[in-house]
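In the working numbering, the protein residues as written are 1458 to 1687.
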């Protein structure tokens, strides 16, 4: 349990919880841990979901399929990220998205009953868990709002500028950082064709607003990015 504790203690679900509280939580919840290969489906869209997923290793794509089979990328799940809070606490307990492993993944499953029924073994931490979960639910809603914002924004340059500034903020406002999406996935996330995205990014590079190599980006002109983002 100690090894697992070290893998999850940076997760926002355990914010403001000490080592002893996290260990008690693990002993009480008796989580299941599963491994997945690259391209393996972890959870299908519409599949009933009874557990909260916490990613321990690897990354996974979160996407939605429409009636015509078209895929829309919603986001990327990385180590210590959670998935399932909307489904397990909503009226419809089915997953709204498909979760597919990008690389080899290890995922921890926690039964939803733990969040509904107080347990004497975890009593000192139960209130904190619920508070953290409420914050995570709000974050999940914000993620979906952000996706809608990208879909309704017509300017591709505006989408790129907003995305890069947000990724920089996640990295302590660093000018040099790596994004979790490759070019194809980023185009899918923006709902544009990959050649269109590549052309616009090349223009921004030529204008010395950004520089990039594969998934690594450097912000050269933040003021210009802010103008395009607003």
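C-beta: ideal position from N, C-alpha, C; glycine also. All figures in this text were calculated on a predicted structure; none of them were measured in a lab.
C-beta contact flag for residue i and residue j at 7 Å
{"i": "residue 1657", "j": "residue 1684", "result": "no"}
{"i": "residue 1517", "j": "residue 1556", "result": "yes"}
{"i": "residue 1654", "j": "residue 1666", "result": "no"}
{"i": "residue 1541", "j": "residue 1502", "result": "no"}
{"i": "residue 1645", "j": "residue 1530", "result": "yes"}
{"i": "residue 1589", "j": "residue 1509", "result": "no"}
{"i": "residue 1625", "j": "residue 1567", "result": "no"}
{"i": "residue 1514", "j": "residue 1536", "result": "yes"}
{"i": "residue 1642", "j": "residue 1682", "result": "no"}
{"i": "residue 1672", "j": "residue 1635", "result": "yes"}
{"i": "residue 1521", "j": "residue 1554", "result": "yes"}
{"i": "residue 1688", "j": "residue 1638", "result": "Because residue 1688 is not part of the residues shown, which for the chain are 1458 to 1687, the question remains open."}
Residue span of the alpha helix (DSSP H) that contains residue i, given as start and end
{"i": "residue 1558", "result": "Not the alpha helix (DSSP H): residue 1558 falls in the beta strand (DSSP E), residues 1555-1558."}
{"i": "residue 1658", "result": "1651-1663"}
{"i": "residue 1625", "result": "1613-1627"}
{"i": "residue 1545", "result": "1542-1546"}
Status (buried if at least 16 other CB within 10 Å, exposed otherwise) for residue i
{"i": "residue 1493", "result": "buried"}
{"i": "residue 1539", "result": "buried"}
{"i": "residue 1488", "result": "buried"}
{"i": "residue 1686", "result": "buried"}
{"i": "residue 1552", "result": "buried"}
{"i": "residue 1499", "result": "buried"}
{"i": "residue 1670", "result": "exposed"}
{"i": "residue 1591", "result": "exposed"}
Residue span of the beta strand (DSSP E) that contains residue i, given as start and end
{"i": "residue 1519", "result": "1517-1522"}
{"i": "residue 1675", "result": "1673-1676"}
{"i": "residue 1486", "result": "That residue, residue 1486, is in no beta strand (DSSP E); its alpha helix (DSSP H) goes 1476-1486."}
{"i": "residue 1499", "result": "1498-1500"}
Nearest-angstrom Cβ-Cβ length linking residue i and residue j, presumed shorter than 8 Å
{"i": "residue 1606", "j": "residue 1558", "result": "Going by Cβ atoms, the distance from residue 1606 to residue 1558 rounds to 27 Å, so no, they are not a contact pair."}
{"i": "residue 1610", "j": "residue 1616", "result": "5 Å"}
{"i": "residue 1465", "j": "residue 1511", "result": "6 Å"}
{"i": "residue 1650", "j": "residue 1582", "result": "About 48 Å separates the two Cβ atoms, so there is no contact after all."}
{"i": "residue 1594", "j": "residue 1572", "result": "Not confirmed; about 11 Å, so no contact."}
{"i": "residue 1462", "j": "residue 1480", "result": "6 Å"}
CB contact check: residue i to chain D, cutoff 7 Å
{"i": "residue 1687", "result": "Absence of chain D from the displayed structure is noted, only one protein chain being present."}
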